[in-house]
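First residue of the sequence shown: 6, per this note's numbering; consecutive thereafter.
The C-beta atom is built at its ideal place from N, Cα and C for all residues, glycine as well.
These numbers were taken from a predicted model, which means no experiment stands behind them.
Here the structure is laid out as structure tokens; the discussion comes afterwards.
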Amino acid sequence: MFVELSKTDPALGESDITVTLSAGDKRIGFLIEDKVDAIAMPEQVARYTLRGERGISDSLYDEFYVFIAAPQKYLSENHEAAKYPNRVSYEEMLSCFQNTDGRRNEFQAQKISHAIKKQKTGYQVREDAAVTEFWRRYAEFQKTEFPDVWFLYSDGIKGANATWPRCQSG
6 MFVELSKTDP ALGESDITVT LSAGDKRIGF LIEDKVDAIA MPEQVARYTL RGERGISDSL
66 YDEFYVFIAA PQKYLSENHE AAKYPNRVSY EEMLSCFQNT DGRRNEFQAQ KISHAIKKQK
126 TGYQVREDAA VTEFWRRYAE FQKTEFPDVW FLYSDGIKGA NATWPRCQSG
């Protein structure tokens, strides 16, 4: 078994978790999108499929499966999540870990429980004043200098781990 986290293809984006298993004489790829409460990106499942197809053409595996793992609420309410051919809820994983003995399973159950709780309570931003000011000025610059570029930006406070803004033409 070989596991890669955040495997990125420059043209096709990132797979959160990629697992390659050997089964007999076959190598099977599992490309897994892991969500707690983040926004699904447009065409995300299609890019996972393209990355899987590229993995076959690059001889990384012989067949592949695309999954999304997320809290049940996310899987039930998110339109993009419904597009994934294989879905597994955190609650299902939690049940498996809780019903299997061992310290590792206890630890995994705690991690999954924490993720479910985080999804229910939502992410709480702790403001980083410098990051908030950077985003404000960046948005102002973009609107003035590049008004034709669509820019996803929400006013308000930003935390130290605020991600880079997503842009799209049109």
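In the same chain as residue 120, and ignoring 5 residues on each side of it, the C-beta atoms closer than 8 Å to its own belong to 41, 76 and 95, in chain order. A contact between stretches requires three or more CB pairs, one per stretch, nearer than 8 Å, and the region 101 to 119 fails this requirement with the region 65 to 75. Looking at the backbone, the Cα of residue 154 and that of residue 145 are separated by about 13 Å. DSSP, reduced to helix, strand and coil, places residue 28 within a strand of the structure shown.
In chain order, 99 place their CB closer than 8 Å to the CB of residue 118, counting only its own chain and leaving out the 5 sequence neighbours on each side. Here residue 115 is exposed: its Cβ has fewer than 16 other Cβ atoms, across all protein chains shown, within 10 Å. Given a length threshold of 3 residues, each whole run of the beta strand (DSSP E) inside the region 10 to 62 is given here in chain order: 18 to 28 and 31 to 39. Here residue 37 is near residue 22, since their CB atoms are less than 8 Å apart. Going by beta carbons, residue 164 and residue 141 fall outside the 8 Å limit.
Ranked by how close their Cα comes to the Cα of residue 49, the residues 20, 147 and 65 have 20 in first place. The three-state secondary structure of residue 151, taken from DSSP, is coil. When 151, 35, 134 and 101 are compared, the shortest CA-CA separation from residue 58 is found for 35. Closest in alpha carbon position to residue 28, among 66, 13 and 136, is 66. Counted as a single uninterrupted DSSP element, the alpha helix (DSSP H) harbouring residue 79 occupies residues 77 to 82.
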